[in-house]
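Step one of this worksheet: look at the structure below.
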Amino acid sequence: MTDAPRNFFFAILDVFTSEWRDKAVMARVHAERRARVAPMRNDPSRAKFVELILRGDTWPDADIAFNVNPAATFVCEHLRPVEQGLRAQGILMRLGAPLQLRAGCQVNADSLVRAFHLAGPVAYRELPFKDRSLLDPDIAVIECESCNSFIQVVHRDSAKPDTPWFPR
Numbered sequence: 019m020t021d022a023p024r025n026f027f028f029a030i031l032d033v034f035t036s037e038w039r040d041k042a043v044m045a046r047v048h049a050e051r052r053a054r055v056a057p058m059r060n061d062p063s064r065a066k067f068v069e070l071i072l073r074g075d076t077w078p079d080a081d082i083a084f085n086v087n088p089a090a091t092f093v094c095e096h097l098r099p100v101e102q103g104l105r106a107q108g109i110l111m112r113l114g115a116p117l118q119l120r121a122g123c124q125v126n127a128d129s130l131v132r133a134f135h136l137a138g139p140v141a142y143r144e145l146p147f148k149d150r151s152l153l154d155p156d157i158a159v160i161e162c163e164s165c166n167s168f169i170q171v172v173h174r175d176s177a178k179p180d181t182p183w184f185p186r
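Using this note's numbering, read the sequence shown as starting at 19 and increasing by one per residue.
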C-alpha cells in the first residue's frame with residue numbers, strides 16, 4: 019500500500035494552514051501599524067508619516083523625530099546648508115551612520131552648485147555601486163571629502179517619475 023494519498027492530503031492541509039498562518043501574521047502586523055500611527059494622526063508635523071507607515075514603509079521613531087525637528091542636523095557643517103535646503107523643500111530624509119543621510123530626491127547638479135555655491139571638499143557625485151551584483155543600482159551622493167560626511171540621493175537612472183528634484 020502506498021502513502022501517496024496520505025502525503026497528498028497533508029500537503030494540501032499544509033498549504034491551507036500556512037495560508038491561514040500568513041493571514042494571521044499580516045493581520046497582526048497591520049494592527050500594530052494602526053496602533054503605532056494612531057497618535058500621529060492628530061500631530062500635524064507627524065501626519066505625513068501615517069500613510070507611509072500604513073503602506074509598509076519602515077520609519078523608525080528616530081527618523082521621524084529628525085524630520086519633524088527643524089533645528090536637527092546630522093551631517094557636517096559643510097553639508098548643513100544642503101541639509102537645510104532639503105528640509106525646506108519638504109524632502110524626507112533618513113538617518114544613516116553618523117554624518118550620513120539618505121534623501122528621497124534626485125539632484126539637478128548644476129542647480130545644486132549654483133544654489134549652494136558648492137566648492138572645496140563638497141561635491142555632487144554619481145558613483146557605480148556594485149555591492150552584491152552587477153545589477154545593483156548606481157548611487158548619487160552630495161559629499162564632503164574632508165569630513166567623510168554625505169547625503170545619499172536617488173541616482174537619476176534609478177529615479178521614478180514622481181521622485182522630486184532638488185533643488186527646485
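Glycine included, each C-beta is placed from N, C-alpha and C at the ideal position.
{"Asked": "Taking DSSP as the reference, what is the three-state secondary structure of R73?", "Found": "coil"}
{"Asked": "List in chain order: all unbroken beta strand (DSSP E) runs of 3+ residues lying wholly within the segment 56-141.", "Found": "111-113 and 118-121"}
{"Asked": "Given N126, which residues of its chain have a CB within under 6 Å of its CB, disregarding the five upstream and five downstream residues?", "Found": "W183"}
{"Asked": "When the Cβ atoms of the segment 54-62 are set against those of the segment 90-98, are three or more pairs found closer than 8 Å?", "Found": "no"}
{"Asked": "With a threshold of 7 Å on Cβ separation, who are the neighbours of R186 within its own chain once the five nearest residues in sequence on each side are excluded?", "Found": "Q107"}
{"Asked": "So what does DSSP say about V172, is it helix, strand or coil?", "Found": "coil"}
{"Asked": "If you check the beta carbons only, do F84 and G103 fall under 8 Å apart?", "Found": "no"}
{"Asked": "To which residues of the same chain is V100 closer than 6 Å at the C-beta, ignoring the five residues directly before and after it?", "Found": "F134 and I160"}
{"Asked": "Is the beta carbon of V140 sitting closer than 8 Å to the one on A158?", "Found": "no"}
{"Asked": "CA-CA distance, P78 and F67?", "Found": "10 Å"}
{"Asked": "According to DSSP, what are the bridge partners of E50?", "Found": "Bridge partners of E50: none, in fact."}
{"Asked": "Look at the alpha carbon of E95 and the alpha carbon of E69, and state the distance between them as a whole number of angstroms.", "Found": "33 Å"}
{"Asked": "For P189, I'd like the list of residues in its chain whose CB is within less than 7 Å of its CB, leaving aside the five on either flank, ordered along the chain.", "Found": "For the chain, the structure presents residues 19 to 186; residue 189 sits outside this window and is missing."}
{"Asked": "Closest to I169 by CA distance: which of L130, M44, I82 and S36 is it?", "Found": "L130"}
{"Asked": "With which residues is C162 paired in a DSSP beta bridge?", "Found": "V140 and S167"}
{"Asked": "Taking C-alpha atoms, which residue in G122, L136 and C162 lies nearest to T181?", "Found": "G122"}
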